[in-house]
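In the working numbering, the protein residues as written are -9 to 928.
Here's what the structure looks like:
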């Protein structure tokens, strides 16, 4: 029988699926797929069985537009086909997130949730579909099927009855009803409950009078119960529906024989033989003989009948006549005789009870119910009548519930509680509870549960119902307290099962508080959740996210580590752990390494790749600030391998190349940056600077004009230089300086070589020769080393031979500090002057402050120096040599990148120095300089 039930269930599911799918075209004139050419193409591939090709195309579209609902739905369809339901659920939920009205996604989610036995969730999606089309028969049948699968046959029957009222002529729904009733009848029959079996079968007859099995079931069970009269009644009804049916003919013969009602039996056999039942002749002859034998016994019914006709008040005659007519199922005649007797002798309780009994035998439920209520009012102390009243009211209450007359049902339940026995009261309390819940009268429902708990204190099911009602009222504190009470008293096995319900209750409240930004309350609630169920994944995930919103990064990291320890295979927790670690600069390398390992194993995990890219942005930014350009470049290239369309990472790659002085690559990658309108001008200027620096050739022209404050004569120096940048970063420069003065002209030729050895170390060497005015011979060497991200040290030595015969050695020590857009530097220049055999120690302490506006070619500059020697730049120009006396200088300038390959700068300085002999009485002089420079790169 179970196997038959299983096959029948499969058949119903299959039929339901067909009807479930058929209305789709009616529901929507054109699906989203049909309106989307790309989606239609992919769906056609699926129909052709080319699942992998279709999925690949969908994923390509998703890379371009991750929020494309149709593509999400098609990827979910792929995973559904592959029975990878968790992935399918993720993609389909994402599809609904971007397009909540996507019907195809909801259809597939119903399938996914059904296959994964998450029936409640499947019902929720069906409800959403029914909101769009409330009369979708296929959806109703699917919903009914799910309720039966969950074991909720009451709700399934209610829904089936409801949809059958909407489609009264639908053959499929009628078939569903018949099947459900048959299964119920089988179950009741197996349980041996004869009365219930009779009621179920009678209901089947009323609803489907052409089902022969129902009549046989009623007749057989009445015979088992010894009620041959009712068995005969339903046999007659069956013969009216199925005239001449051999089975029902034999049933009636057997019943009449048992009751020895031979005249009726013979008459029945004669009528059947006239209808063509020739094979009944032998039975007719047999019962004819039996009738003759029975006729020997005189029937006193006719004698008492005559007495009653003459004296209706005779109690003995009435009793015999009444009982005889009841026995012969002549109920109307029996009731008529009772009325005549009552008219003669007056009303009495005995007669009222006989009348009630007659209507019960007659099967007139309406009259029985009316008389029961009337007589119960008249005889309230009668226990049997009270039980009948309770039974009648109980049936009426159930009927009102099924018909949706909840208010009338509530009154009936209250009457049963008032008059019923313990069993009836328990049924009524349960019914009254369900009525209040149906009407959303949760407070009254809770009061009923409290009454039930007085009789069954600590009952787990009642406590869970009470908790659920408090939750529906919005009083989640009470709901959680009661649920926690149940958990505290449950066994470990039951606790594991109940924890799921606790999570289902507390999760929406946590989500609601979080969405309303009541984060402190949400955190307290989540902490309570974890106290009860410290291994709940949803609770851990909520706590991590809430700590992030509260900016409690330490707590976020702690919970993320707990989650990752317990669920090491859960990618979501690995991602959250990495995000938590990102808030601590010292842990970013570990975070990046963690995600790198995972993305190598799961290169197509979109959230993982997205988090890995974001982490790379933060880690690379940190490395760039620390001037670890090579490592930053490696990190960025690794991330771009998995997500090559990340413009931020490409821009940061350009910054790394800029730090490595590979300006052509820097120019290429920094173009991926998308500046705002406010940033556009500065960004364009910076690109021009990179473009200029990427050129291998540079020509510079400079001019210096100088005059003393006490003299209007102008002294000038003009220079021209050419630089060549090699691909390895080396720069070779040739420079020619010219000075024309009253006593002639001077030329100085200079060559210079700059070389980067590592990211942090570079050197510069130059050699100069002159015929006049400049240093006769000048040799300099310098090394620069970036020992911290924003610190750079400089050390240099040099030698100059002057035309005065003096020799000058110098040792330079410098330090530079970058503070955002400011570059501050200080240099201490030490000199050893050898003049006429004497050595003199000289020094100059200088400082420079530079504000870089958008690139190093656009800047504002302020300089200054003090010492007993001019600064080294002035010594190169030889405007004056004032050694071992006070020297001071201040100056300012500006630089500007004019176009991509043209730049210019201007600077002015003021030197104040002490002379070795007075000039116009004063012994201090001033020198004013203007520096002009113009560069062209190509």
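C-beta atoms are modelled at their ideal positions from N, C-alpha and C, and glycine is treated no differently. In this text the structure is predicted, and so the values were computed from the model without any measurement.
Residue 397 to residue 265 span [Cα, whole Å]:
If you draw a straight line from the Cα of residue 397 to the Cα of residue 265, it is about 53 Å long.
Unbroken stretches of the beta strand (DSSP E), 3 residues or longer, contained in the stretch 490 to 563
List check, beta strand (DSSP E) in window: nothing returned.
To which residues does DSSP link residue 930 through a beta bridge?
Since the first and last residues shown for the chain are -9 and 928, residue 930 lies out of range.
Under the three-state reduction of DSSP, which class applies to residue 704: helix, strand or coil?
If DSSP states are grouped into helix, strand and coil, residue 704 belongs with coil.
Kindly indicate which three-state DSSP category residue 754 falls into: helix, strand or coil?
When DSSP states are grouped into helix, strand and coil, residue 754 belongs to the strand group.
Three-state secondary structure assigned by DSSP to residue 342:
DSSP places residue 342 in helix when its eight states are reduced to three.
Bridge partner(s) assigned by DSSP for residue 904:
Note: residue 904 sits in a beta bridge opposite 914.
Answer yes or no: do residue 859 and residue 678 have a C-beta to C-beta separation smaller than 8 Å?
Taking 8 Å as the Cβ cut-off, residue 859 and residue 678 do not qualify as a contacting pair.
With a threshold of 6 Å on Cβ separation, who are the neighbours of residue 534 within its own chain once the five nearest residues in sequence on each side are excluded?
Here the set comprises 546, 549, 550, 566.
Starting from residue 730, trace the alpha helix (DSSP H) in both directions and tell me its first and last residue.
Element bounds for residue 730: not the alpha helix (DSSP H) but the beta strand (DSSP E), 721 to 731.
Starting from residue 334 and walking both ways along the alpha helix (DSSP H), at which residues does that stretch end?
The continuous alpha helix (DSSP H) containing residue 334 extends over residues 321 to 335.
Report yes if the CB atom of residue 750 is closer than 8 Å to the CB atom of residue 776, and no otherwise.
Cβ distance < 8 Å, so residue 750 and residue 776 count as in contact.
Residue 898 and residue 919 closer than 8 Å at C-beta:
Yes, the pair counts as a contact, with Cβ atoms nearer than the cut-off.
For residue 37 and residue 83, what's the separation of their Cα atoms in angstroms?
Spanning the two alpha carbons is a distance of roughly 23 Å.
Buried or exposed, going by whether 16 or more other CB atoms sit within 10 Å of the CB of residue 916?
Classification for residue 916: exposed.
Can you tell me which residues form a DSSP beta bridge with residue 772?
The partner list for residue 772 (beta bridge, DSSP) reads 754, 786.
Below 8 Å between beta carbons: does that hold for residue 44 and residue 68?
Yes. Within cutoff.
So what does DSSP say about residue 443, is it helix, strand or coil?
Helix at residue 443.
Output needed for residue 209: all residues of its chain with C-beta closer than 6 Å, excluding positions within five of it in sequence on either side, in chain order.
Hits under 6 Å: 221, 224, 225, 241.
With 16 as the cutoff for other CB atoms within 10 Å, does residue 808 come out buried or exposed?
Classification of residue 808: buried, given that the 10 Å Cβ count is 16 or more.
N- and C-terminal bounds of the beta strand (DSSP E) containing residue 886:
Residues 877 to 887.
Meets three-Cβ-pair contact criterion under 8 Å: the stretch 650 to 670 and the stretch 827 to 838
Taking a cut-off of 8 Å for Cβ pairs, the stretch 650 to 670 and the stretch 827 to 838 do not touch, as fewer than three such pairs fall below it.
Can you grab the Cα-Cα spacing for the pair residue 929 / residue 639, in whole Å?
Residue 929 lies beyond the range of the chain shown here (-9 to 928); nothing can be said about it.
Provide the residue(s) that pair with residue 899 in DSSP beta bridges, ordered along the chain.
Beta-bridge analysis with DSSP links residue 899 to 881, 919.
Residue 693 by DSSP, collapsed to three states: which one?
Three-state DSSP puts residue 693 in a strand.
Can you check DSSP and say which residues form a bridge with residue 924?
According to DSSP, which records beta bridges pairwise, residue 924 is partnered with 691, 894.
Using a Cβ-Cβ cutoff of less than 8 Å, which residues in the same chain neighbour residue 12 once the five nearest sequence positions on both sides are dropped?
Model confidence at residue 12 stands at a pLDDT of 38, short of 50, so the residue's coordinates are unreliable and nothing is read from them.
How many angstroms separate the CA atom of residue 260 from the CA atom of residue 254?
Those two C-alpha atoms are separated by around 10 Å.
Count the other CB atoms within 10 Å of the CB of residue 763; is the residue buried (16 or more) or exposed (fewer)?
With 16 or more other Cβ atoms within 10 Å, it is buried.
First and last residue of the uninterrupted beta strand (DSSP E) at residue 453
Residue 453 -> not in any beta strand (DSSP E); alpha helix (DSSP H) instead, spanning 450 to 463.
Which residues in the same chain have their Cβ closer than 6 Å to the Cβ of residue 19, if we skip the five residues on either side of it in sequence?
Note that residue 19 scores a pLDDT of 30, beneath 50, so its modelled location is shaky; the value from the coordinates is reported in the next line. Apart from the 5 residues on each side of it in sequence, residue 19 has no Cβ closer than 6 Å to any other Cβ in its chain.
Distance, residue 691 Cα to residue 714 Cα:
Roughly 15 Å between the two C-alpha positions.
Return helix, strand or coil for residue 678, following the three-state DSSP convention.
The answer is helix: DSSP assigns residue 678 an H, G or I state.
Looking at the structure shown, is residue 841 part of a helix, part of a strand, or coil, going by DSSP?
The three-state reading of DSSP puts residue 841 in strand, counting E and B together.
DSSP three-state assignment for residue 41, whether helix, strand or coil:
In the three-state DSSP reduction, residue 41 falls in the helix class (H, G or I).
So, under 8 Å CB-CB, residue 800 and residue 821 are touching, yes? Tell me the CB distance rounded to an integer number of Å.
Rounded, the Cβ-Cβ distance is 5 Å, consistent with contact.
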